[in-house]
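Using the numbering used here, read the sequence shown as starting at 34 and increasing by one per residue.
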Amino acid sequence: MNNFIEALDMSIKTKNWYSVLFISLTLPDICGKIDSPNLGSKARTIEWYNKYLLPKYTSSVGAFKEKHVFLSGSDFYALRCSCLHEGSDDISEQKARETLQKFRFIQPMTNNFFIHCNQINNSLQLQVDKFGEDVLSAVKIWMNDISSDKNKISKIESMLYIQMIDPSKGFSL
Numbered sequence: 034m035n036n037f038i039e040a041l042d043m044s045i046k047t048k049n050w051y052s053v054l055f056i057s058l059t060l061p062d063i064c065g066k067i068d069s070p071n072l073g074s075k076a077r078t079i080e081w082y083n084k085y086l087l088p089k090y091t092s093s094v095g096a097f098k099e100k101h102v103f104l105s106g107s108d109f110y111a112l113r114c115s116c117l118h119e120g121s122d123d124i125s126e127q128k129a130r131e132t133l134q135k136f137r138f139i140q141p142m143t144n145n146f147f148i149h150c151n152q153i154n155n156s157l158q159l160q161v162d163k164f165g166e167d168v169l170s171a172v173k174i175w176m177n178d179i180s181s182d183k184n185k186i187s188k189i190e191s192m193l194y195i196q197m198i199d200p201s202k203g204f205s206l
């Protein structure tokens, strides 16, 4: 998992925005699989998102401080499916969607100008670096939460690892 965390962190630092977006949309599903291996992708991703990311995308707005969910677990999953499988930010045709229809991802502006969670009708604007940082933070919290669960740690230790091969030292499968 640390390789994925480092990859996301490095992608943010090097401004590799598509990498940030794709890793950010993938990690909650991976973490959800480790947490709830018997659930399907949709259920486990939404469950994990609701526990670790929903609070960051829920705010009190207006004069009466009404609770508003900018990005629900269902809309996150719909975005994940639309982006990873279709290369699209339009979720209007996704069965999983709840409220939103479209996303607009923006690069960070200069001079620390910040635009994130800007909703107009059924379209949500997200600043891609902030979105990645939110997912990164959530995964780190989750890692801490499961740190004493030997079964989950074992699953993490057996995850994909990209090896560096030095031909001068030989290699084997």
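Cβ atoms here follow ideal geometry from the backbone N, Cα and C, with glycine treated the same way. Here the structure is a predicted model, which is why all the values come from computation and not from measurement.
Residue nearest to residue i in terms of C-alpha spacing, selected from the options
i: isoleucine 174; options: Leu86, Ile189, Ser57, Met142; result: Leu86
i: glycine 165; options: Pro141, Glu126, Phe97; result: Pro141
i: arginine 137; options: Trp50, Ile63, Gln196; result: Trp50
Start and end residues, alpha helix (DSSP H) containing residue i
i: serine 187; result: 183 to 190
Nearest-angstrom beta carbon gap, residue j and residue i [assumed within contact, 8 Å]
i: serine 92; j: glutamate 131; result: At roughly 17 Å, the Cβ-Cβ gap does not stay under 8 Å, so serine 92 and glutamate 131 are not in contact.
i: valine 172; j: isoleucine 45; result: Their Cβ separation, rounded to whole angstroms, is 13 Å, which puts valine 172 and isoleucine 45 out of contact at 8 Å.
i: leucine 133; j: asparagine 155; result: 5 Å
i: tyrosine 194; j: asparagine 35; result: No, tyrosine 194 and asparagine 35 are not in contact; Cβ-Cβ is about 10 Å, not under 8 Å.
Check whether residue i and residue j have beta carbons under 8 Å apart
i: lysine 89; j: arginine 77; result: no
i: alanine 40; j: lysine 75; result: no
Range covered by the beta strand (DSSP E) that runs through residue i
i: asparagine 151; result: 151 to 153
i: isoleucine 139; result: 135 to 139
i: threonine 59; result: Unbroken run through threonine 59 is the alpha helix (DSSP H), 50 to 68; no beta strand (DSSP E).
beta-carbon residue i near the ligand PLP non-hydrogen atom, thresh 7 Å
i: valine 102; result: Annotation note on the ligand PLP: not contained in the displayed structure, which lists no ligands.
Sequence-distant residues of the same chain with beta carbon closer than 8 Å to residue i, five excluded per side
i: phenylalanine 103; result: Tyr90, Thr91, Ser92, Cys150, Gln152, Leu157
Any C-beta of chain B under 8 Å from that of residue i
i: phenylalanine 136; result: Among the protein chains of the structure shown there is no chain B, as only one such chain exists.
Residues of its chain near residue i, where Cβ-Cβ distance is below 7 Å and the 5 sequence neighbours each way are ignored
i: glutamine 160; result: Ile139, Pro141, Phe147, Ile148, His149
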